[in-house]
C-alpha cells in the first residue's frame, strides 16, 4: 500500500498547525512566575478580593455599558443641558410647557424630543426606581380646564418616554396640578397680566429618584 | 485493503487533526472596537480561571492604515461583576506593580504604551482576582476599548 505525497503533506500541516498557532499565542508572553505572584497577591487581599462597589453615578449606565466613562459624561452633560438640580437622592428637571407643547395642546412637539430623550437617558443611567411627572399650567382660563390640561400633558410626557426612550411605564407616575402650584406670579402687583410669570408656570416637572 | 487505509486516513484528518488545529488556532471569544484608536480592534483570545485568579489575554489588531500609539495604565483596567455590582482591579505584586504585561514602564503600577503599525497586532495579558460572589458572567473593561460583556466564567 502506498499513500500519495499530497496526503502526507496535508497530514504534516494538520499535525503542526496546533504548534504553530499556540506559538503565536505564546507571543503574549506570560512569565512563568506571574501566576505564583498572583496567588500571593490574591491571598493578601482577603476574602473580599479587593472588590469595589460599583458607583452607578460614575460607572453604571443602562444595561449596555458601552464606553462607561463617556456615557457618564454624557449624562452629566444632559443634566447640565436641562438645567436640572441634582441632590444625593434625586434629580429635579423642569421643562418649559411652551417648548414641549403648542398652545392649548398636549401632543409633544417634535423639536422637544431631543430634550425628552435626555430625560430618558438620565432615568436609564440612574436605573431610577421612580420618576414622578407633574404637569402645571398658568392661571389663564378655567381652573377645571387647566387641571385636565396639566394631567394630559403629564400623561403625554410619560407616554413619550415609554414609547421612545424605553422608560418602563411601571416606574412613572403622573400628576396634574393645574394652576395651583405656580413658581412665579401670574399677575403683577397692580393686577395686570404678567406674561413672563405665566410662561414660567406652564411647565412639566420631572422628579427622578435615584436608586 | 489499500482503499480502506485511504478512507481511514481521510477520516483521521477530517475528524481529529483538522478540528485540533482549529481548536489551537487562537480562538477569539469576543471582539470589540476601540473608541480611541482609529482602526484598532481587540480580540479577547483567552479567559481562564485557576486558583481563583482570572487570566485574560487580549490581542490588539490595527486594521487601519496608520500606526496607532496605544497607551493606558493597567490601574484603569478592571473586571466587573454586574450581578453583584462589584468591580475588581488587576492583582499587584509585592512591589505594587500590576501582574500584567507587557509594560512600557512602571508608572502608576505599569503602563501599556506601544505603537501598533497598520496591519500589525500586539498582545497583552492581565491577572485579576476571581469575583468573590461567583457570578456566571463578567465584563472586562480596558480603557479605549468598548467593554467585553457577558463573558462566561468557567473553571
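Protein chains in written order, with the numbering used here: chain D, 417 to 627; chain W, 33 to 187. For each residue, glycine too, the CB sits at the ideal point set by N, CA and C.
Whole-Å CB distance - residue i paired with residue j, under 8 Å assumed
| i | j | result |
| --- | --- | --- |
| residue 499(D) | residue 121(W) | Not really, about 36 Å apart at Cβ, beyond 8 Å. |
| residue 160(W) | residue 106(W) | Contact flag wrong, Cβ pair sits at about 11 Å. |
| residue 113(W) | residue 93(W) | No, residue 113(W) and residue 93(W) are not in contact; Cβ-Cβ is about 28 Å, not under 8 Å. |
| residue 495(D) | residue 538(D) | 6 Å |
| residue 468(D) | residue 152(W) | Not a contact, Cβ separation roughly 35 Å. |
| residue 99(W) | residue 150(W) | 6 Å |
| residue 601(D) | residue 610(D) | 5 Å |
| residue 62(W) | residue 183(W) | 7 Å |
| residue 626(D) | residue 506(D) | 6 Å |
| residue 455(D) | residue 85(W) | 7 Å |
Residue burial classification, residue i (beta-carbon count within 10 angstroms, cutoff 16)
| i | result |
| --- | --- |
| residue 493(D) | exposed |
| residue 690(D) | Absent from the structure is residue 690(D), since the part of chain D shown begins at 417 and ends at 627. |
| residue 541(D) | buried |
| residue 612(D) | exposed |
| residue 509(D) | buried |
| residue 617(D) | buried |
| residue 91(W) | buried |
| residue 133(W) | buried |
| residue 553(D) | buried |
| residue 480(D) | Note that residue 480(D) scores a pLDDT of 42, beneath 50, so its modelled location is shaky; the value from the coordinates is reported in the next line. Answer is exposed; the Cβ neighbour count stays below 16. |
| residue 450(D) | buried |
| residue 82(W) | exposed |
| residue 77(W) | buried |
| residue 173(W) | buried |
| residue 101(W) | exposed |
| residue 142(W) | buried |
| residue 148(W) | buried |
| residue 513(D) | buried |
| residue 60(W) | exposed |
| residue 89(W) | buried |
| residue 603(D) | exposed |
Candidates the options: closest to residue i by CA position
| i | options | result |
| --- | --- | --- |
| residue 68(W) | 90(W), 103(W), 132(W) | 103(W) |
| residue 458(D) | 149(W), 63(W), 87(W) | 87(W) |
| residue 511(D) | 524(D), 504(D), 505(D), 503(D) | 524(D) |
| residue 163(W) | 59(W), 63(W), 111(W), 97(W) | 111(W) |
| residue 138(W) | 124(W), 147(W), 151(W), 73(W) | 124(W) |
| residue 461(D) | 183(W), 95(W), 126(W), 81(W) | 126(W) |
| residue 445(D) | 156(W), 168(W), 99(W), 59(W) | 156(W) |
| residue 522(D) | 623(D), 552(D), 568(D), 603(D) | 568(D) |
| residue 171(W) | 116(W), 97(W), 82(W), 150(W) | 116(W) |
| residue 453(D) | 136(W), 141(W), 109(W), 129(W) | 129(W) |
| residue 515(D) | 627(D), 619(D), 624(D) | 619(D) |
| residue 519(D) | 504(D), 556(D), 503(D) | 556(D) |
| residue 464(D) | 166(W), 183(W), 173(W) | 166(W) |
| residue 560(D) | 614(D), 583(D), 592(D), 581(D) | 592(D) |
| residue 96(W) | 72(W), 146(W), 131(W) | 72(W) |
| residue 594(D) | 449(D), 627(D), 551(D) | 551(D) |
| residue 571(D) | 517(D), 456(D), 606(D), 558(D) | 517(D) |
| residue 566(D) | 528(D), 504(D), 581(D), 597(D) | 597(D) |
| residue 383(D) | 536(D), 528(D), 526(D) | Past the boundaries of the shown model lies residue 383(D); chain D is included only from 417 to 627, so the question cannot be answered. |
| residue 447(D) | 131(W), 169(W), 168(W) | 131(W) |
Specify whether the stretch 522 to 536 of chain D and the stretch 574 to 581 of chain D touch according to this definition: at least 3 beta carbon pairs, one from each stretch, less than 8 Å apart. yes
Against chain W, which members of the stretch 439 to 469 of chain D pass a CB distance test of less than 8 Å? 440, 441, 443, 444, 445, 446, 447, 450, 451, 453, 454, 455, 456, 457, 458, 461, 463, 464, 465, 466, 467, 468, 469
Members of the stretch 69 to 100 of chain W near chain B, C-beta cut-off 8 Å: Here the protein chains are D and W, and chain B is not one of them.
Between the stretch 177 to 186 of chain W and the stretch 59 to 68 of chain W, do three or more beta carbon pairs fall short of 8 Å? yes
Any chance the stretch 539 to 550 of chain D sits against the stretch 583 to 596 of chain D, with 3 or more Cβ pairs inside 8 Å? yes
Near-chain D residues of the stretch 112 to 124 of chain W (beta-carbon distance less than 7 Å), N- to C-terminal order: 112, 117, 118, 119, 120, 121, 123, 124
Of all the residues that make up the stretch 133 to 162 of chain W, which are near chain D by a beta-carbon distance shorter than 8 Å? 133, 134, 155, 156, 157, 159, 161, 162
Taking a cut of 7 Å between CB atoms, which residues from the stretch 166 to 177 of chain W lie near chain D? 171, 173
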